[in-house]
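Trainee: Please see the structure below; I have some questions.
Protein chains: 2
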Amino acid sequence: MSVLYDRVALIGLGLIAGSMSLAMRRAGIAGEIVGTARSAETRAVAAEIGLVDRVTETAAEAVQGADLVVLAVPVGAMDAVAAEIAPNLKPGATVTDVGSVKRAVVDAVTPHIPEGVHFVPAHPLAGTEHSGPRSGFAELFDNRWCLLVPVEGADPKAVDRLRALWEAMGANVEEMDADHHDLVLAVTSHVPHLIAYTMVGVADDLRRVTDSEVIKYSAAGFRDFTRIAASDPTMWRDVFLTNRDATLDILGRFTEELFALQRAIRTGQGEMLFDYFTHTRAIRRGIIEAGQDTDAPDFGRAKKVQ
Amino acid sequence: MSVLYDRVALIGLGLIAGSMSLAMRRAGIAGEIVGTARSAETRAVAAEIGLVDRVTETAAEAVQGADLVVLAVPVGAMDAVAAEIAPNLKPGATVTDVGSVKRAVVDAVTPHIPEGVHFVPAHPLAGTEHSGPRSGFAELFDNRWCLLVPVEGADPKAVDRLRALWEAMGANVEEMDADHHDLVLAVTSHVPHLIAYTMVGVADDLRRVTDSEVIKYSAAGFRDFTRIAASDPTMWRDVFLTNRDATLDILGRFTEELFALQRAIRTGQGEMLFDYFTHTRAIRRGIIEAGQDTDAPDFGRAKKVQ
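Chains A and B, in that order, are what the protein sequence lines are. Residues in the first sequence are numbered from 15 upward in steps of one, following our numbering. Residues in the second sequence are numbered from 15 upward in steps of one, following our numbering.
The following block contains the structure:
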């Protein structure tokens with residue numbers, strides 16, 4: 015494949031940026047990959063393991079001469095980073111991001127983008143519960159979605175090139191507007207994460223059930239929740255603070271529904287529970303058919319099926 | 015390994031009973047394995063795939079001459095099954111079960127057990143989201159816990175033999191009293207399942223976010239919830255109806271905690287959220303160290319880590 019961007023600057027060197035660097039190398043679509051991170055330790059690790067071709071001390075330095083600048087920092091840090099790099103952006107360059115919230119990023123970054131530079135927000139729906147410069151891998155985006163959220167008046171050529179980049183890194187690309195993105199993600203990711211964090215917190219608080227028992231006997235269910243609740247705290251704090259309205263909206267619906275099920279349990283309405291659980295089973299089937307997960311019996315964890 | 019029970023009767027031929035049959039064969043610890051199920055289709059499939067050595071039409075027939083009888087039916091069916099088999103139980107035999115709730119099973123089954131027959135309730139903490147006679151596999155219990163809940167005055171020899179059986183099937187065995195079991199499982203399994211069912215139900219109800227989008231963009235978080243929410247509806251209806259008090263207790267704590275986090279989001283208390291999420295991360299670490307899950311980056315689903 016031919017080179018899409020002669021120089022790419024990654025601002026932030028965590029799971030997503032690291033995986034992008036490795037995926038871009040795998041595809042041979044970037045000339046030089048420059049990277050930076052706020053933490054000196056992260057920069058040192060990235061340099062040591064050769065995660066990018068060149069590590070710079072500052073974001074302002076990293077973006078010099080870059081054709082593509084990727085903001086891969088927590089959503090709450092986008093404003094400050096955009097302000098820092100703005101004076102150094104190359105005319106004609108594209109700036110993108112990988113934040114899990116889009117309206118807040120659009121609002122924070124757009125005012126800093128100079129005339130002649132293209133801003134194309136993006137969000138790859140991929141990740142693991144790990145973070146940091148050692149957590150990335152080239153296959154992270156394979157067969158995952160990347161949602162592009164072009165702002166009004168975006169240059170179609172800049173959008174197309176970014177789309178080509180994500181496709182070359184293995185992703186399937188779709189476009190969506192920022193507010194709709196934030197609502198969809200509140201349902202499919204943000205509120206589920208908050209609930210998992212909450213449940214793990216509840217377990218930890220219980221004094222009658224000692225910590226060690228909760229851990230020792232963590233079965234399917236809680237075990238999956240702890241995996242989700244091990245995700246990066248800074249990233250998730252920012253997600254909830256910046257996608258507040260959609261999160262609270264979906265949380266309200268969740269609570270309403272939970273109270274209905276709680277009432278069914280209290281009053282012994284077995285038929286209602288059975289119907290509810292039968293219905294949710296069908297949704298799982300849809301996800302497997304959409305190719306976003308496998309049907310292998312995961313609660314048994316990588317055991318061979320007879 | 016030597017034979018522990020000359021004849022084992024499995025009442026119910028779903029995921030757990032099927033996996034037990036295959037695990038007992040693997041270990042060579044059972045003479046004949048007899049099985050039955052209420053559904054004629056399940057019996058036919060079990061016979062066709064040779065899941066057990068012999069399939070009988072009724073539970074009463076299956077238990078004749080059996081040294082070990084395993085009640086592997088939904089918790090709500092235990093009472094009726096125990097009543098049906100009681101007259102046919104062999105003197106000196108052991109009856110056990112694999113139900114996810116223990117107080118209700120002890121209360122339902124104990125009155126039916128004849129003098130000279132031992133009842134030793136058990137609960138293997140293992141499963142997948144699949145069910146039915148084709149879902150079992152011999153490795154399901156490997157390195158999983160099986161909790162024995164001996165009733166007062168249980169014969170130590172009968173308990174020891176059942177312990178040996180579970181260990182031979184790959185499980186680690188511990189003893190616990192019924193009420194404590196039900197509370198621990200409410201935290202580690204029952205409430206997490208209810209929450210997952212609820213979240214999937216909420217997503218399905220939303221009209222602004224179409225079904226196909228929720229499915230298409232189901233990221234880590236929701237995708238894991240749908241897996242949990244695909245579990246057997248009959249089994250879970252019975253779990254909630256029979257472990258009602260502990261479930262409602264833990265649900266109350268969950269809601270209280272969720273409201274605190276919701277308030278933090280609404281009022282923008284970033285530090286509180288960050289501290290909470292940092293704390294839950296540590297619990298995950300404990301589970302991995304306890305050997306109950308791996309540290310492989312699961313959200314990336316079986317991708318090779320660099």
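No residue lacks a Cβ here, since even glycine has one placed at the ideal position from N, Cα and C. These numbers were taken from a predicted model, which means no experiment stands behind them.
#1: Does the beta-carbon distance from Arg57 (chain A) to Val69 (chain A) come in below 9 Å?
#2: Would you grab the beta carbon distance between His132 (chain B) and Asp169 (chain B) for me? Rounded to a whole angstrom, and I think it's under 8 Å.
#3: So Thr212 (chain A) contacts chain B; which residues on that side make the cut at Cβ distance below 7 Å?
#4: Identify which residue in B:Asn102, B:Phe268 and B:Ala210 has its Cα closest to the Cα of Ala244 (chain B).
#5: Which residues in the same chain have their Cβ closer than 7 Å to the Cβ of Arg241 (chain B), if we skip the five residues on either side of it in sequence?
#6: Beta-carbon within less than 7 Å of Ala74 (chain B)'s beta-carbon, same chain only, minus the 5 sequence neighbours each way: which residues are those?
#7: Verify the CB distance criterion: does Ser53 (chain A) have a CB-CB separation below 9 Å to chain B?
#8: Quick one: is Ser245 (chain B) near chain A, going by C-beta distance under 9 Å?
#9: Report yes or no: do three or more beta-carbon pairs, one from the stretch 80 to 91 of chain B and one from the stretch 20 to 32 of chain B, lie closer than 8 Å?
#10: Can you round the beta-carbon distance between Ala178 (chain A) and Leu18 (chain A) to whole angstroms, since I take them to be within the 8 Å contact cut?
#11: What do you reckon, are the CB atoms on Pro135 (chain B) and Asp111 (chain B) nearer than 9 Å?
#12: Which runs of the beta strand (DSSP E) at least 3 residues long sit entirely within the stretch 99 to 184 of chain A? Give them in chain order.
#13: Which of the residues in the stretch 253 to 265 of chain B, read from start to end, lie with their CB under 8 Å from any CB of chain A?
#14: How is the alpha helix (DSSP H) around Arg324 (chain A) delimited, first residue to last?
#15: If the cut is a Cβ gap below 7 Å, which residues of chain B does Asp238 (chain A) touch?
#16: By alpha-carbon positions, which one of A:Leu220, A:Ser203 and A:Leu272 ends up nearest to Ser321 (chain A)?
#17: Nearest-angstrom Cα distance between Val216 (chain B) and Phe268 (chain A)?
#18: Which residue comes first and which comes last in the alpha helix (DSSP H) that contains Val216 (chain A)?
#19: Between Ala107 (chain A) and Phe254 (chain B), what straight-line distance do the alpha-carbon atoms span, to the nearest angstrom?
#20: Mind listing which residues of the stretch 100 to 132 of chain B have their C-beta closer than 8 Å to chain A's C-betas, in chain order?
#21: Candidates A:Arg158, A:Ala118 and A:Pro125: which alpha carbon is nearest Ala140 (chain A)'s?
#22: Have a look at Val59 (chain B) and Arg148 (chain B) and give me their C-alpha separation to the nearest angstrom.
#23: For Val163 (chain A), which residues in chain B fall below 8 Å Cβ to Cβ?
#24: Between the alpha carbons of Ala185 (chain A) and Leu154 (chain A), how many angstroms are there, rounded?
#25: Starting from Thr240 (chain B), trace the alpha helix (DSSP H) in both directions and tell me its first and last residue.
Mentor: In brief:
#1: yes
#2: 5 Å
#3: Phe268, Glu271, Leu272 and Leu275
#4: B:Ala210
#5: Glu143
#6: Glu98, Ile99 and Asn102
#7: no
#8: yes
#9: yes
#10: 6 Å
#11: yes
#12: 108 to 111, 136 to 138 and 159 to 162
#13: Phe254, Leu255, Arg258, Thr261, Leu262, Ile264 and Leu265
#14: Coverage of chain A is limited to positions 15 through 320, which leaves residue 324 (chain A) absent and any answer about it impossible.
#15: Asp238 and Ile242
#16: Look at the range of chain A in this structure, 15 to 320, and you will see that residue 321 (chain A) is not part of it.
#17: 6 Å
#18: Val205 to Asp219
#19: 57 Å
#20: none
#21: A:Arg158
#22: 8 Å
#23: Per Cβ cutoff of 8 Å: no residues; Val163 (chain A) is ~13 Å from chain B at best.
#24: 9 Å
#25: Phe236 to Ile242
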